[in-house]
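S.K.: In this note's numbering, the protein residues as written are 12 to 905.
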Amino acid sequence: MISALSSKYPSNHTLLKIPVVVSLATLLMLVVFSVPLILFLNQYHADLVTEDFIKQESRVLNEQIKQKMDIGDTIALSFARNSRIRDALLLEERLPIIQEVSGVNRLFAENTRFQNVQLHVMTADGRSLVKTFNLDSYSQNLTMHDLVKKAVMTGKAASGINIGGAASHFRVINIQPIYALDDPDEVIGFIGVSQGLRSIIESFATHKVNYALFSPLLNSSETSSDPGSRTFTIGKAHYFANSSLSSIQFQEADVLDEGLHLIDGKLIYTQPIVDQEKQLLAVHAVSIPLTTFDEKVWERNVEALYILLAILLSTLTVSGLLLLVIKRSVIKPLSVFEATIRQIISSKQYKTPVEIHTEDEIGRLSHQFNLLLQQIAELIHSLKYQQEAIDSSLIVSKTDLDGTITYVNQQFEKISGYSAKELIGQPHSIVRHPDMPKEVFADLWGTIKSNRVWKGQIKNLRKDGKPYYVTTHILPIVNQQGVVIEYMSIREDITEIVELKESLEAAKEMAEKANQAKSQFLSSMSHELRTPLNAIIGFSQLLEFSDLTDKQYSQLGNISRSGRHLLHLINDILELSKVESGSLEISLEEVYLSELVEDALNMVEALARQRGILIHCPTKEQLDCCIRVDYTRIKQVLLNFLSNAIKYNRDGGQVRVFAETYDSEECLWMRLHVKDTGFGISQSDQENLFEPFNRLGHENSNIEGTGIGLSIAKDLVEKMGGHLGVESTEGEGSDFWFSFPVCKQDSGPESTPKTLEVDRSVALKETHGPQAVKRVLYIEDNPSNRGLMQDIVSTVEGVELSLAPDAEQGLEMAETILPDVMFIDINLPGMNGDELLPILKRSVALQKKGTVFYALTANAMMLDIERGKRVGFDDYLTKPINIKEIIAILTSSR
12 MISALSSKYP
22 SNHTLLKIPV
32 VVSLATLLML
42 VVFSVPLILF
52 LNQYHADLVT
62 EDFIKQESRV
72 LNEQIKQKMD
82 IGDTIALSFA
92 RNSRIRDALL
102 LEERLPIIQE
112 VSGVNRLFAE
122 NTRFQNVQLH
132 VMTADGRSLV
142 KTFNLDSYSQ
152 NLTMHDLVKK
162 AVMTGKAASG
172 INIGGAASHF
182 RVINIQPIYA
192 LDDPDEVIGF
202 IGVSQGLRSI
212 IESFATHKVN
222 YALFSPLLNS
232 SETSSDPGSR
242 TFTIGKAHYF
252 ANSSLSSIQF
262 QEADVLDEGL
272 HLIDGKLIYT
282 QPIVDQEKQL
292 LAVHAVSIPL
302 TTFDEKVWER
312 NVEALYILLA
322 ILLSTLTVSG
332 LLLLVIKRSV
342 IKPLSVFEAT
352 IRQIISSKQY
362 KTPVEIHTED
372 EIGRLSHQFN
382 LLLQQIAELI
392 HSLKYQQEAI
402 DSSLIVSKTD
412 LDGTITYVNQ
422 QFEKISGYSA
432 KELIGQPHSI
442 VRHPDMPKEV
452 FADLWGTIKS
462 NRVWKGQIKN
472 LRKDGKPYYV
482 TTHILPIVNQ
492 QGVVIEYMSI
502 REDITEIVEL
512 KESLEAAKEM
522 AEKANQAKSQ
532 FLSSMSHELR
542 TPLNAIIGFS
552 QLLEFSDLTD
562 KQYSQLGNIS
572 RSGRHLLHLI
582 NDILELSKVE
592 SGSLEISLEE
602 VYLSELVEDA
612 LNMVEALARQ
622 RGILIHCPTK
632 EQLDCCIRVD
642 YTRIKQVLLN
652 FLSNAIKYNR
662 DGGQVRVFAE
672 TYDSEECLWM
682 RLHVKDTGFG
692 ISQSDQENLF
702 EPFNRLGHEN
712 SNIEGTGIGL
722 SIAKDLVEKM
732 GGHLGVESTE
742 GEGSDFWFSF
752 PVCKQDSGPE
762 STPKTLEVDR
772 SVALKETHGP
782 QAVKRVLYIE
792 DNPSNRGLMQ
802 DIVSTVEGVE
812 LSLAPDAEQG
822 LEMAETILPD
832 VMFIDINLPG
842 MNGDELLPIL
852 KRSVALQKKG
862 TVFYALTANA
872 MMLDIERGKR
882 VGFDDYLTKP
892 INIKEIIAIL
902 TSSR
């Protein structure tokens with residue numbers, strides 16, 4: 012392959028060929044582009060000379076006119092302030108004025124280059140009084156003159172180029188107002204100064220430029236009615252008589268704006284003179300011969316040609332020097348570079364360095380090449396060990412396009428049990444396990460034939476018949492044209508992982524079964540315990556309304572307390588089961604701390620009074636904050652704190668409830684404390700305080716408890732995003748607390764009066780609801796529970812109770828008596844309550860009656876309640892029976 016590549020590059024080629032060709036091509040291009048470049052430069056310089064001509068002559072013209080205007084203003088102001096002229100002008104006496112202004116023209120001609128300065132004194136209404144160029148002429152009305160009219164109307168100075176003087180030629184005219192001696196604001200006349208244009212001609216002539224002023228032909232202005240069609244010829248003043256522009260005429264339309272004209276071999280710049288109404292009066296014309304213009308253009312072209320010639324010569328010199336430098340600094344080192352590379356290729360000694368030690372790009376290239384050789388040598392060495400590592404850990408094979416094995420590594424032989432000789436030439440299906448679905452291999456071939464990598468898990472079969480599992484990556488190998496030429500498979504043996512996964516899945520299944528058995532056990536125990544408790548608690552509640560002796564009341568109280576304690580124990584166990592299984596539902600809402608504390612204190616008030624414990628309560632203002640928690644659950648936690656603080660306190664002890672706030676990095680937090688004056692908890696016992704069923708040595712005391720309340724409380728607080736803790740000193744008391752972030756709030760809850768407990772001595776037997784008889788059917792297999800329901804119903808007037816011991820009899824009785832309310836136990840002999848309810852709800856007669864169905868069962872697990880509601884019960888009541896709840900249902904108007 013290397014020799015084939017070498018033959019494509021003959022040794023007689025040289026890098027100098029390209030620089031030589033480039034240099035010659037550059038020179039040729041410079042020569043070729045010189046002609047259009049010269050033409051372009053000629054035009055460019057012509058535009059520059061034209062622009063310079065316009066700028067220069069416009070500037071000179073404006074400077075000359077301004078100079079004359081300044082002189083005219085000076086002369087006019089000096090005579091306008093002459094007191095004799097002002098006195099004479101007030102009386103219109105010509106002689107004093109003539110005496111003052113006579114000889115002005117001669118005086119200026121002798122002392123300045125301005126030889127034709129004339130004065131004209133006028134009255135305030137624009138009548139001529141004295142002229143230095145025509146003393147005998149006066150009293151003419153001059154208000155028709157454009158500048159005089161402007162001065163008379165405004166009472167201010169006026170100046171410009173207009174017709175003036177004895178010969179009525181265009182002159183530079185300045186008119187100044189003359190004010191009265193006694194009133195500087197009263198205009199009593201005007202004095203005008205007019206000057207010829209000869210000095211402007213002379214100024215332009217000094218730099219070989221001709222100037223003339225062109226005015227309209229009288230005949231053309233009189234006869235033409237088309238604006239812009241007048242003809243303008245050179246002025247009639249004597250100093251224009253020998254002008255080189257005498258034979259030239261302009262049409263008005265051509266000179267309305269500033270412009271440039273080429274006429275009779277002259278380049279003429281024109282500038283219009285307009286009146287107050289922007290009407291064209293005359294035209295300034297400044298010209299130079301075209302030959303002069305061409306000379307100036309040629310001077311600039313010569314400068315450019317010298318620069319172009321210098322560039323050509325510099326290019327030739329630089330090109331020659333560059334070729335010499337390239338030959339010495341590039342070609343020669345590269346030849347050494349080439350010889351070294353040929354030696355490396357032929358000897359395969361990649362550690363042979365290139366011996367070039369210059370500090371230029373070639374030297375740096377050789378240094379980098381030597382580093383590359385070093386890396387290649389290290390890479391070859393590394394690849395050798397990588398290949399060994401791959402062969403010792405991964406299964407590698409290659410196949411042709413038909414799937415026939417062409418290469419296997421040692422690991423393939425080791426895992427499969429086949430030798431390379433047995434594998435090469437065989438289809439890859441030689442190790443395929445018969446359990447593998449055909450669809451997997453159909454997807455495999457479809458993927459790799461579309462030039463994509465296939466990834467997956469495959470179960471294979473060893474030569475000895477044992478299965479093994481591999482994760483597989485099959486890669487299409489393509490040539491330089493992008494055509495697939497073979498496939499490479501890289502596999503990893505994951506047999507141990509798969510077997511471990513199967514073991515874990517089996518263990519998980521066993522754990523799920525155990526958890527299900529636990530739930531079933533708890534459900535069953537809950538039902539079996541609640542059923543007798545229903546009778547115990549229910550009948551004890553009924554007996555409280557009987558006439559008993561004090562001793563019997565005391566004994567009945569012990570029965571009720573024991574029953575309620577046992578029920579509390581069952582509920583705690585079920586609650587702990589929910590927490591451990593993760594099925595406990597939390598519903599977060601904004602809760603005001605004042606409401607929470609007040610509600611909880613009301614519930615423990617009787618217990619505290621019974622034990623003689625004094626509870627110090629904070630004011631609403633001290634609890635003015637809001638937290639986001641589940642109200643029922645957080646109240647459960649607070650009740651646990653309060654009941655423990657009362658139960659484990661000293662006789663006549665105290666409990667203090669208070670709240671505090673503190674800042675954290677994220678927000679403001681609230682911490683609520685319940686602090687008692689009990690016996691405290693030792694440091695060693697505090698470590699086990701939150702363990703379920705651990706009562707810390709109080710198991711044999713007369714203090715009721717299960718030992719799981721604090722464990723449940725801690726889990727509840729943490730599930731709601733808060734913290735729970737305790738600080739206790741043995742012999743002094745304990746401080747239990749929980750903390751939550753404070754919610755943002757607008758205002759706290761409105762103050763509500765404290766709820767009073769209903770006196771339980773109030774008689775139950777009253778007249779409730781409507782007078783019509785309400786039919787009630789209770790389906791229950793337990794005789795004691797049926798007897799309890801009879802006793803409860805007997806306390807309520809207007810209720811007729813029917814009893815059925817099983818679902819079948821209950822169904823028959825329901826169709827007969829059409830009850831208003833049905834209480835149904837779930838665990839019935841034969842058909843259970845869940846199966847009975849759909850049959851009852853399909854009854855048309857019961858539907859018309861509007862019968863309400865209540866589940867009344869000892870199945871109190873959350874799953875039982877949810878299942879009952881899904882089946883269709885209107886409500887789900889759990890045992891032990893809550894007598895007040897049953898009476899409320901019986902006396903409702905529904």
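Built from N, CA and C at the ideal position, the CB exists for glycine as well.
Model, not experiment: these values are computed from the prediction.
Between Phe-132 and the rest of its own chain, which residues show a CB-CB distance below 6 Å, the 5 nearest in sequence each way excluded?
M.R.: For the sequence presented, residue 132 should be read as Val rather than Phe. Result list for Val-132: Ile-108, Leu-140, Val-141, Ile-202, in chain order.
S.K.: Comparing C-alpha positions only, which one of Ala-248, Pro-195, Gln-468 sits nearest to Thr-506?
M.R.: Selected option, being the one with the closest Cα: Gln-468.
S.K.: Grab me the residues of Ile-508's own chain with a C-beta within less than 7 Å of its C-beta, minus the 5 sequence neighbours each way, in chain order.
M.R.: So the list is empty, once near-sequence residues are dropped.
S.K.: Here's the rule: buried if 16 or more other CB atoms are within 10 angstroms of the residue's CB, otherwise exposed. What is Glu-68?
M.R.: Flag for Glu-68 reads buried.
S.K.: Please return the same chain residues whose Cβ sits closer than 7 Å to the Cβ of Asn-893, not counting the five positions on each side in sequence.
M.R.: Within the same chain, Asn-893 has no close Cβ partners at all.
S.K.: Could you check what DSSP says for Lys-755 in three-state terms: helix, strand or coil?
M.R.: In this structure, Lys-755 counts as coil in the three-state DSSP scheme.
S.K.: For the region 388–444, which segments carrying the alpha helix (DSSP H) assignment without a break, of at least 4 residues, lie completely within its bounds, in sequence order?
M.R.: Entirely contained in the region 388–444, the alpha helix (DSSP H) runs reaching 4 residues are, in chain order, 421–427, 431–434.
S.K.: Quick one: grab the DSSP three-state call for Met-447.
M.R.: Coil.
S.K.: Closest by CA to Asp-610, which one among Gly-733, Lys-77, Gln-287, Lys-631?
M.R.: The shortest C-alpha separation from Asp-610 is found at Lys-631.
S.K.: Could you check whether Lys-466 and His-444 sit closer than 9 Å to each other, using their CB atoms as the reference points?
M.R.: Taking 9 Å as the Cβ cut-off, His-444 and Lys-466 do not qualify as a contacting pair.
S.K.: Please look up how many angstroms separate the CB atoms of Val-640 and Val-602, rounded, as I've assumed it's under 8 Å.
M.R.: That pair is a contact at about 5 Å.
S.K.: Threshold first: 4 residues or longer. Then list the alpha helix (DSSP H) segments lying entirely within the region 136–189, N to C.
M.R.: Within the region 136–189, the complete alpha helix (DSSP H) runs of at least 4 residues are 157–165.
S.K.: Between the alpha carbons of Val-183 and Gln-129, how many angstroms are there, rounded?
M.R.: Taking the straight line from one Cα to the other gives about 10 Å.
S.K.: Is Arg-463 helix, strand or coil by DSSP?
M.R.: Correct three-state label for Arg-463: coil.
S.K.: If you count every other CB in all the chains shown that lies within 10 Å of the CB of Val-31, and 16 or more means buried, which is it?
M.R.: So Val-31 counts as exposed.
S.K.: Mapping the DSSP letters down to three states, classify Ala-871 as helix, strand or coil.
M.R.: Here Ala-871 sits in coil by DSSP.
S.K.: Can Val-615 and Leu-653 be called in contact, C-beta distance under 9 Å?
M.R.: Cβ atoms of Val-615 and Leu-653: closer than 9 Å.
S.K.: What distance in whole Å lies between the Cβ atoms of Val-784 and Glu-811, which are believed to be in contact at a cut-off of 8 Å?
M.R.: Confirmed, about 5 Å.
S.K.: Leaving out five residues on either side along the sequence, give the residues of the same chain with a beta carbon under 7 Å from the beta carbon of Asn-381.
M.R.: Pro-364, Val-365, listed in sequence order.
S.K.: For Asn-655 versus Leu-721, is the C-beta distance shorter than 9 Å?
M.R.: Yes. Within cutoff.
S.K.: Which of the three DSSP states, helix, strand or coil, is assigned to Tyr-603?
M.R.: Note: Tyr-603 maps to strand in three-state DSSP.
S.K.: Considering only C-alpha positions, which residue in the set Met-842, Ser-854, Ile-96, Asp-635 is nearest to Glu-671?
M.R.: Nearest C-alpha to Glu-671: Asp-635.
S.K.: Mapping the DSSP letters down to three states, classify Tyr-642 as helix, strand or coil.
M.R.: Helix.
S.K.: Could you round the C-beta distance between Pro-448 and Thr-415 to whole angstroms and report it? I think they count as a contact, below 8 Å.
M.R.: Rounded, the Cβ-Cβ distance is 23 Å, inconsistent with contact.
S.K.: Arg-797 to Pro-891, Cα distance in whole Å?
M.R.: Distance between the alpha carbons of Arg-797 and Pro-891: 13 Å.
S.K.: Please say whether Arg-502 and Pro-487 have beta carbons closer to each other than 9 Å?
M.R.: No, the pair does not count as a contact, with Cβ atoms beyond the cut-off.
S.K.: Counting Cβ pairs, one atom from each stretch, are 3 or more of them under 8 Å apart for the region 82–97 and the region 349–358?
M.R.: The region 82–97, when compared against the region 349–358, does not touch it at the 8 Å Cβ threshold.
S.K.: Spell out a yes or no on whether the region 208–216 and the region 152–165 are touching, meaning 3 or more CB-CB pairs, one atom from each, closer than 8 Å.
M.R.: Too few Cβ pairs lie closer than 8 Å, so no.
S.K.: If you measure from the beta carbon of Val-198 to each beta carbon in chain C, is any gap under 9 Å?
M.R.: Reference to chain C is not applicable here, since this structure consists of a single protein chain.
S.K.: Compute the beta-carbon to beta-carbon distance between Leu-278 and Phe-304, rounded to the nearest angstrom, for a pair I have assumed lies under 8 Å.
M.R.: About 5 Å separates the two Cβ atoms, so the contact holds.
S.K.: How many Å lie between Thr-165 and Leu-100 at the Cα?
M.R.: Going by the C-alpha atoms only, they are around 19 Å apart.
S.K.: So the candidates are Phe-144, Ile-186, Asn-471, Asn-127; which of them puts its Cα closest to the Cα of Thr-154?
M.R.: Nearest option by C-alpha distance: Ile-186.
S.K.: With H, G and I counted as helix, E and B as strand and the rest as coil, what does DSSP make of Pro-227?
M.R.: DSSP places Pro-227 in strand when its eight states are reduced to three.
S.K.: Roughly how many angstroms lie between the CA atoms of Asp-411 and Lys-477, to the nearest whole one?
M.R.: So the two alpha carbons sit approximately 27 Å from each other.
S.K.: Looking at the unbroken beta strand (DSSP E) that takes in Glu-503, where does it start and where does it end?
M.R.: Segment 495–504, the beta strand (DSSP E) holding Glu-503.
S.K.: From the DSSP output, read off the bridge partner residues of Pro-283.
M.R.: Looking at the DSSP assignment, Pro-283 forms a beta bridge with Val-294.
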